[in-house]
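My numbering puts the first residue of the sequence shown at 29, with every later residue one more than the last.
All C-beta atoms in this analysis are idealised placements derived from N, C-alpha and C, irrespective of residue type, glycine included.
Remember, predicted model here, so these are calculated numbers, not experimental data.
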Amino acid sequence: MAANVSLQSQVEELKALDQKHYLHPATSPKKHAEQGPKIIFSGGNGITVRDPNGKSYIDGVSMLWNVNLGHGRKELADAASEQMMKIAYSSSFAGYSNEPAIRLAEKLASLTPGNLNTVFYTSGGSESNDTAFKLARFYWQMQNQPKKKKIISLKQGYHGVTIAAGTATTLTGFHKFAGTHIGDVYHAKPHLTRCELGDKDDPDYKGCIRDIVEKEGPETVAAVILEPVQGSGGVYIPPEGYLKAVRQLCDEYHILFIADEVICGFGRTGRMFGVDHWGVIPDIMCVAKGITSGYVPLGGVLLNQAIHQTLVQYDQVLAHGFTYSGHPTACAVALKTLEILERDQVVAHVKRMEKELNAGLNYLEKKHRIVTKTRNIGLMGAFELYADPDNDTPFDPSLKAGLDVVEECFQRGLLLRALGAADGKNVVAIAPPLIIDKSEIGRMIDIIDDAIHAFETKIG
Ligand code: PLP
29 MAANVSLQSQ
39 VEELKALDQK
49 HYLHPATSPK
59 KHAEQGPKII
69 FSGGNGITVR
79 DPNGKSYIDG
89 VSMLWNVNLG
99 HGRKELADAA
109 SEQMMKIAYS
119 SSFAGYSNEP
129 AIRLAEKLAS
139 LTPGNLNTVF
149 YTSGGSESND
159 TAFKLARFYW
169 QMQNQPKKKK
179 IISLKQGYHG
189 VTIAAGTATT
199 LTGFHKFAGT
209 HIGDVYHAKP
219 HLTRCELGDK
229 DDPDYKGCIR
239 DIVEKEGPET
249 VAAVILEPVQ
259 GSGGVYIPPE
269 GYLKAVRQLC
279 DEYHILFIAD
289 EVICGFGRTG
299 RMFGVDHWGV
309 IPDIMCVAKG
319 ITSGYVPLGG
329 VLLNQAIHQT
339 LVQYDQVLAH
349 GFTYSGHPTA
359 CAVALKTLEI
369 LERDQVVAHV
379 KRMEKELNAG
389 LNYLEKKHRI
399 VTKTRNIGLM
409 GAFELYADPD
419 NDTPFDPSLK
429 AGLDVVEECF
439 QRGLLLRALG
449 AADGKNVVAI
459 APPLIIDKSE
469 IGRMIDIIDD
479 AIHAFETKIG
């Protein structure tokens, strides 16, 4: 009894301190100041995490699509601690280097498709995308084409929140937040294969990538950036042929193709990289998240040989870099993460689990009239909630259908994420750790089943 009281008072103390001193991302400061943290995580193991009272939750979105190998992996903790004991940190500026960063660079070159052979390290996805934009512009300057500066991203895309990446991000709220933008960024309608192949009779032509390139002039466009599978925008899988069409368009107009593999990379979709599904090789690839399975922050920008060769031809300093570019601890953890991915054949496991998740989502769609548009590629999936799916009638926004179902799941011990609420959509994302097994997927689906049932009962 006494132990429980002291545990409760500790939790209350933490909540109060959090409310007072801690400003949270993607959270309403007002609500947070009133209500405090929703949960304080105190531990995790495999696909589950727990709160200080010992209640456990299935981590149904791998936290932020990043804890791909699950929680409590001693091997990853050991890799970090061994490296930390060798050296706290080492700079990578002015040609300084360290062994884990070098070994990881070689490993990434061997895992990525084509000749994406050179990496620039960052601390996460937003930094990777900002870096990619700068390097794309730098490349065109080196190529004597300084007017090639414009960046085209896709609507529904999420590329992070630093000012350049945040400008490429189109999600309501994130894009407009604080009025912070850079110029020269354009947003194209996503996933229109016919139009990107040049079919001017396509009724959707206006506003596709090709249309923007033609209107702005290819001599002003530096790069197109896209997520092979859109994640935070709503888990949208492109139609067959789309990525190839964009690749062709970029080749035709001499535009760099940047693949934002921050979520898709390292097995999430059942292939090592998202682009591998469609046999497309980008010129620049941005990675983060799964590269360390979330244990420590790390990101990277992979450049193809042609870009790298251009940069090495000129004696100009690359005046860009982060203190933590190539942090030895982060690189050591990444090396261990990639070793485990290969050793345990995690990507093949994801491919097998893709079928199980698909079957579970189909079951939910058959059972509940309000569930529709279920989809998954590997262990990246979603379902949508509609008042009348047959006529695409959305729920009244005041019902907050997606958020409500996610809350019902939370009450039952499953963490999921509702996407698109700001745009009146009710998409629920599912992206569990890649090590999840068949029975654990079954448990997740049972909880979602109950949660949807509870929502249906509420709305009558
Ligand atoms: N790109 C994509 C596709 C992402 O999903 C995210 C984060 O969710 C980012 C970039 C930004 O990464 P970070 O939050 O590490 O800056």
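Asked, Found
"Just how far apart, CA to CA, sit P267 and Y352?", "38 angstroms"
"G72 and D87 look like a contact to me (Cβ under 8 angstroms); what is the Cβ gap, rounded to whole Å?", "7 angstroms"
"Specify, as a first and last residue, the run of the beta strand (DSSP E) that L427 falls within.", "First-last for L427: undefined, no H or E at that position."
"The ligand PLP heavy atoms versus the CB of Y323: any closer than 7 angstroms?", "no"
"Within 10 Å of its beta-carbon, does K176 have 16 or more other beta-carbons around it, so buried, or fewer, so exposed?", "buried"
"Could you check how far apart the C-beta atoms of H156 and G349 are, in whole angstroms? I think they sit under 8 angstroms.", "This sequence places Ser at residue 156; His is not what is there. Not a contact, Cβ separation roughly 13 angstroms."
"Quick one: residues in its chain with C-beta nearer than 6 angstroms to the C-beta of N332, no 5 flanking neighbours on either side, listed in chain order?", "N143, L144 and D311"
"Unbroken alpha helix (DSSP H) runs of length 4 or more, entirely within the segment 255-313: which are they?", "270-281"
"Since P256 and G307 should fall inside the 8 angstroms C-beta cutoff, what is the C-beta to C-beta distance between them, to a whole number of angstroms?", "Not a contact, Cβ separation roughly 12 angstroms."
"Taking the straight line between their C-alpha atoms, what separation do you get for L254 and D288?", "6 angstroms"
"Does the Cβ of A316 lie closer than 7 angstroms to at least one heavy atom of the ligand GDP?", "This structure simply doesn't include the ligand GDP; it includes the ligand PLP instead."
"Please report the straight-line C-alpha distance between R296 and P65, rounded to a whole angstrom.", "29 angstroms"
"Below 6 angstroms CB to CB, which residues in the same chain sit around Y342 once its five sequence neighbours on both sides are set aside?", "M170"
"Select from V33, V433 and L389 the residue whose C-alpha is nearest the C-alpha of H481.", "V433"
"Are V77 and S321 touching if we call contact CB-CB under 8 angstroms?", "no"
"Name the residue from S467, T485, D420 and A410 whose alpha carbon lies nearest to the alpha carbon of V89.", "A410"
"Please report the distance separating the alpha-carbon of Q47 from that of P246.", "50 angstroms"
"Once you ignore the five residues that flank L92 on each side, which residues in its own chain have a CB closer than 8 angstroms to its CB?", "K317 and G322"
"DSSP three-state call for I514: helix, strand or coil?", "It is not possible to answer for residue 514, since the shown part of the chain is limited to 29 through 488."
"Kindly give me the distance between the Cβ atoms of N454 and L413, rounded to whole angstroms, as I take these residues to be in contact under 8 angstroms.", "4 angstroms"
"Measure from the alpha carbon of S119 to the alpha carbon of each residue in H282, G354, A196 and K178, then state which is nearest.", "G354"
"If I measure Cβ to Cβ from Y124 and keep anything under 7 angstroms in the same chain, skipping five residues before and after, which residues do I get?", "S118"
"For R397 and E41, what's the separation of their Cα atoms in angstroms?", "44 angstroms"
"Would you list, in sequence order, the uninterrupted alpha helix (DSSP H) runs of no fewer than 4 residues that lie entirely inside the segment 100-129?", "102-114"
"So, for E244: in the same chain, excluding its five sequence neighbours on each side, which residues have a beta-carbon less than 8 angstroms away from its beta-carbon?", "K178 and Y214"
"Can you name the start and end residues of the beta strand (DSSP E) that H215 belongs to?", "V213 to A216"
"Quick one: what's D230 bridged to in DSSP?", "Paired residues: none, contrary to the question."
"Please work out which residues of its chain come closer than 7 angstroms, Cβ to Cβ, to L389, disregarding the five sequence neighbours upstream and downstream, and give them in chain order.", "T402, N404, G409 and F411"
"So, with DSSP's three-state summary, where would you put S84?", "strand"
"Indicate whether V290 and G448 have their beta-carbon atoms separated by less than 8 angstroms.", "no"
"For R299 and V378, I'd like the C-alpha separation in whole angstroms.", "8 angstroms"
"Please say whether T208 and S181 have beta carbons closer to each other than 8 angstroms?", "no"
"Taking the alpha-carbon of P422 as reference, which of Q439, N386, E436 and V399 has the nearest alpha-carbon?", "V399"
"Is K66 helix, strand or coil by DSSP?", "coil"
"Where does the unbroken alpha helix (DSSP H) through A192 begin, and where does it stop?", "I191 to A196"
"Taking the straight line between their C-alpha atoms, what separation do you get for A274 and E242?", "As written in the sequence, residue 274 is Val, which differs from the Ala given in the question. V274 and E242: Cα-Cα distance of roughly 14 angstroms."
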